[in-house]
Amino acid sequence: MLRKTTRRGLSTNELWSLYENMISPFLYLRMVYDENDRPVDCIFLSVNRAYERESGKTREEIIGKTARGNYQQIESFWFETFGRVAKTGVAERISGYFGATNRWLEIRVYSPRLDHIAITVFDITKSIAERESLVKITQELKTQKDENYRIAHEEPITGLPNRSSMEEAFESRILSREGGRYFPIAIFTPDNLAEILASYGSVLSDRIMRTIAQRVKSTCRDGDSAFSMTGTDIVLLLSTSCDTKHTQRALMRVQKAIQTPVEVDGNYFFVSATGGVACYPKDGTDRDELIMKANLALYQAKESGAPIVYFNQQIASKLIRRTMIRNALPNALENKEFELYFQPQVQTETGCLLGFEALLRWNNTELGNPSPMEFIGVAEESRQILPIGAWVLRTACKTLRQINEHRHTDYYIAVNVSGVQLFEDGFIDQVFAILQETGLPPEQLELEVTESVLLKREMNAIGKLNELRKHGLRIALDDFGIGYSSLGHLKDLEISTLKIDKSFIQDPRAGALTEMMVRLGHLLEAEIVAEGVETKEQQAFARVIGCERIQGYLEAKPMPIGKLRRYIESKYCEL
20 MLRKTTRRGL
30 STNELWSLYE
40 NMISPFLYLR
50 MVYDENDRPV
60 DCIFLSVNRA
70 YERESGKTRE
80 EIIGKTARGN
90 YQQIESFWFE
100 TFGRVAKTGV
110 AERISGYFGA
120 TNRWLEIRVY
130 SPRLDHIAIT
140 VFDITKSIAE
150 RESLVKITQE
160 LKTQKDENYR
170 IAHEEPITGL
180 PNRSSMEEAF
190 ESRILSREGG
200 RYFPIAIFTP
210 DNLAEILASY
220 GSVLSDRIMR
230 TIAQRVKSTC
240 RDGDSAFSMT
250 GTDIVLLLST
260 SCDTKHTQRA
270 LMRVQKAIQT
280 PVEVDGNYFF
290 VSATGGVACY
300 PKDGTDRDEL
310 IMKANLALYQ
320 AKESGAPIVY
330 FNQQIASKLI
340 RRTMIRNALP
350 NALENKEFEL
360 YFQPQVQTET
370 GCLLGFEALL
380 RWNNTELGNP
390 SPMEFIGVAE
400 ESRQILPIGA
410 WVLRTACKTL
420 RQINEHRHTD
430 YYIAVNVSGV
440 QLFEDGFIDQ
450 VFAILQETGL
460 PPEQLELEVT
470 ESVLLKREMN
480 AIGKLNELRK
490 HGLRIALDDF
500 GIGYSSLGHL
510 KDLEISTLKI
520 DKSFIQDPRA
530 GALTEMMVRL
540 GHLLEAEIVA
550 EGVETKEQQA
560 FARVIGCERI
570 QGYLEAKPMP
580 IGKLRRYIES
590 KYCEL
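Every letter in the sequence shown is one number past the one before it in my numbering, and letter 477, counting from 1, is 496.
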């Protein structure tokens with residue numbers, strides 16, 4: 020009869036005994052990094068008795084001390100390996116000559132937690148007894164060491180030298196400069212590699228990036244060097260001075276190398292790229308500062324659509340301000356920094372007041388009260404537009420309800436809606452909830468969208484707007500004529516209002532085109548608003564071509580609620 024046994028784990032004392040009585044030396048260490056996050060040393064946290072015997076040192080002499088303090092001749096290669104394991108958690112088994120003890124060692128290292136390593140040491144010196152074997156093993160170990168060095172200094176996707184190599188080359192380049200001579204650092208990133216990654220996966224996109232990187236490397240002339248910091252960028256240190264024809268030609272060679280189609284398994288892939296350039300020492304003498312400024316120029320290139328942009332202070336100021344806006348937006352609502360201004364819309368024929376457009380203003384003294392042109396785009400990117408947009412809609416509806424109840428009028432309010440808001444699943448429910456909360460009738464709310472909104476998930480957006488239209492809300496297409504909507508979009512969208520952009524109203528040369536847009540709007544059974552009317556002549560033009568409403572400085576500039584109430588007192592008329 021079999022006897023049942025009880026399974027249990029080892030006790031702490033048993034584990035400690037196991038650790039202490041290991042035949043092989045065992046060490047537990049914490050990594051030490053320099054200011055550039057490169058591993059440079061280790062601190063002993065624990066060692067077993069076997070290590071004390073082999074090293075000839077007691078725990079008291081070792082624990083809390085650094086590896087370099089105990090072994091001054093230790094090669095940096097070991098720290099690079101230990102640091103790699105400590106960061107990635109991928110265990111490694113390595114063999115090599117340990118100069119500090121004049122032994123050949125096989126070391127098995129793994130990381131039980133971030134930045135910590137556990138090492139088991141095996142002395143293999145005696146196993147390399149025969150000369151022939153020693154030569155062979157030495158060669159193998161040298162090859163392995165070279166491969167480890169390559170891995171430590173090569174970016175794996177592009178095959179180019181990595182950030183560490185670039186930093187070394189940069190310092191060397193600075194030391195070799197004579198008389199402060201300029202040299203450029205350029206950063207290129209593919210524009211559409213993310214699309215290829217999303218469509219075909221990382222294996223193919225990595226192959227394309229490696230092909231492009233090796234092409235760029237082949238364009239480098241004597242003194243030029245190509246690197247990659249992330250696997251999706253290419254960094255160039257050029258030997259020419261900045262802003263010269265030689266530099267321009269070098270950068271154009273890089274552009275051409277990137278944009279030449281890449282063939283993979285019979286399929287051709289087209290990749291475009293933009294670049295940012297910073298110059299030493301004009302833009303800075305610190306490596307990290309120059310990389311940052313080249314990246315700022317790269318960001319500006321992507322924003323503007325330019326192929327290559329050189330850093331200048333205006334770029335830095337613009338992006339720093341953009342960052343400040345992004346950081347200030349999350350607290351703006353809580354701090355009650357937003358305010359609504361209102362611009363009247365009047366009947367073209369009579370001048371009678373019909374309603375208002377609600378316009379957002381931001382009162383932030385630290386930023387100098389940024390304009391909507393500055394902060395709306397940032398709010399959309401950061402999705403802060405969602406709470407801000409809800410506040411605008413609620414405040415506008417509440418304000419109009421109060422005005423109409425006090426004046427016994429039925430003015431409407433026009434509120435701009437961002438595409439980010441429109442694409443939210445709960446947008447329709449939010450609009451209905453605000454109307455119910457504020458008590459504003461749906462027909463007194465007009466939601467304005469720009470033509471560009473219709474391009475993004477257009478049928479989803481159009482469906483939501485049409486749903487709101489069925490419930491009595493007005494839908495206005497803003498800035499008509501300068502966007503990208505097609506007649507198909509206009510056919511599908513049940514708009515109630517078409518707003519002609521001021522650039523057409525204010526340009527006499529666009530008269531025929533503007534009249535054609537008004538006719539198109541009427542065919543869609545929409546009312547037409549002429550935006551940006553600033554002169555009597557523009558008002559007369561809007562009347563002649565059939566615009567039912569006008570909006571612009573001729574009638575009134577956008578105004579806060581207090582001034583709006585006084586304006587309404589002076590504008591009342593029977594319709």
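Ideal Cβ positions, reconstructed from N, Cα and C, are used throughout, including at glycine.
How long is the line joining the alpha carbons of residue i and residue j, rounded to whole angstroms?
i	j	result
Arg528	Ala415	36 Å
Ala313	Tyr329	8 Å
Gly551	Gly374	16 Å
Glu467	His427	25 Å
Asn121	Val109	28 Å
Glu54	Leu317	26 Å
Leu378	Gly370	21 Å
Ala351	Glu574	31 Å
Arg57	Gly102	8 Å
Thr24	Ile42	Here the model assigns Thr24 a pLDDT of 39, short of 50, so the residue's position is not dependable and the matter cannot be decided.
Arg22	Val222	For Arg22, the predicted model reports a pLDDT of 40, less than 50, meaning its position is unreliable and no value from the coordinates is stated.
Ala452	Ala409	11 Å
Ala69	Ala232	49 Å
Leu37	Leu29	10 Å
Ile248	Ile547	A small correction: the amino acid at residue 248 is Met; Ile does not occupy that position in the sequence shown. Approximately 54 Å between the Cα atoms of the pair.
Gln158	Thr144	15 Å
Tyr299	Pro577	48 Å
Asp429	Asn423	6 Å
Ile253	Ala292	10 Å
Tyr572	Glu553	5 Å
Asp241	Arg72	54 Å
Thr596	Arg538	The question about residue 596 has no answer, for the chain in this structure spans 20 to 594.
Thr266	Val436	46 Å
Asn485	Val235	51 Å
Ile524	Leu496	16 Å
Ile310	Ser191	16 Å
Ala217	Phe288	14 Å
Would you kindly check if the distance between the Cβ of residue j and the Cβ of residue i is under 8 Å?
i	j	result
Leu46	Val66	yes
Ser515	Ala545	yes
Ile277	Pro203	no
Tyr201	Lys275	no
Tyr431	Arg493	yes
Phe246	Ser323	no
Val104	Ser74	no
Ala561	Ile569	yes
Please check the pair residue i and residue j, which I expect to be a contact at CB under 8 Å, by giving their CB distance rounded to whole angstroms.
i	j	result
Ile344	Leu386	6 Å
Asp520	Gly500	5 Å
Val290	Val296	Actually they are not in contact, since the Cβ atoms of Val290 and Val296 sit about 20 Å apart, beyond 8 Å.
Glu567	Gln366	7 Å
Ala188	Leu256	6 Å
Gly657	Pro461	The structure shown does not extend to residue 657, since the chain is modelled only from 20 through 594, so no value can be given for it.
Gly294	Ala320	6 Å
Val51	Thr85	7 Å
Among the options, which one has its Cα closest to the Cα of residue i?
i	options	result
Lys355	Ser515, Thr342, Glu173, Asn382	Asn382
Thr230	Cys261, Asp302, Gly250, Gln449	Gly250
Glu376	Gln274, Ala297, Lys321, Leu464	Leu464
Leu359	Val450, Gly571, Gln333, Leu583	Leu583
Thr384	Asp498, Pro406, Asn331, Phe357	Phe357
Glu186	Leu48, Gly285, His172	His172
Glu99	Pro460, Val434, Tyr168, Asp225	Tyr168
Asp511	Glu470, Asp498, Thr533	Glu470
Leu509	Gly482, Glu534, Thr304	Gly482
Met228	Ile215, Arg240, Cys239	Ile215
Arg643	Gln267, Asp142, Asp134	For the chain, the structure presents residues 20 to 594; residue 643 sits outside this window and is missing.
Ser224	Ser95, Ile176, Ile206, Asp262	Ile176
Trp97	Ser390, Ala213, Ile138, Ser401	Ile138
Regarding residue i and the ligand ZN, is the C-beta to nearest heavy atom distance less than 7 Å?
i	result
Phe246	Of the ligands one can find in the structure shown there are none, so the ligand ZN has no counterpart to examine.
Subject >> Those runs of the beta strand (DSSP E) which lie wholly inside the stretch 35-85 and span at least 3 residues >> reply: Entirely contained in the stretch 35-85, the beta strand (DSSP E) runs reaching 3 residues are, in chain order, 45-52, 58-66.
Subject >> Length at least 4, wholly inside the stretch 343-423: the alpha helix (DSSP H) runs in chain order >> reply: Counting only runs of 4 or more, we get 391-401.
**OP:** Entirely within the stretch 164-230 and at least 4 residues each: give me those alpha helix (DSSP H) ranges in chain order.
**Re:** Every alpha helix (DSSP H) of 4 residues or more that sits fully in the stretch 164-230 is shown, in chain order, as 182-195, 212-219.
Subject >> Whole beta strand (DSSP E) elements within the stretch 238-303, 3-residue minimum >> reply: Those beta strand (DSSP E) runs which fall completely within the stretch 238-303 and span 3+ residues are 244-246, 253-256, 281-283, 286-288, 292-299.
Original post:
Counting only runs that start and end within the stretch 426-481, where is the alpha helix (DSSP H) found for 4 or more residues in a row?
Top reply: Those alpha helix (DSSP H) runs which fall completely within the stretch 426-481 and span 4+ residues are 438-441, 446-457.
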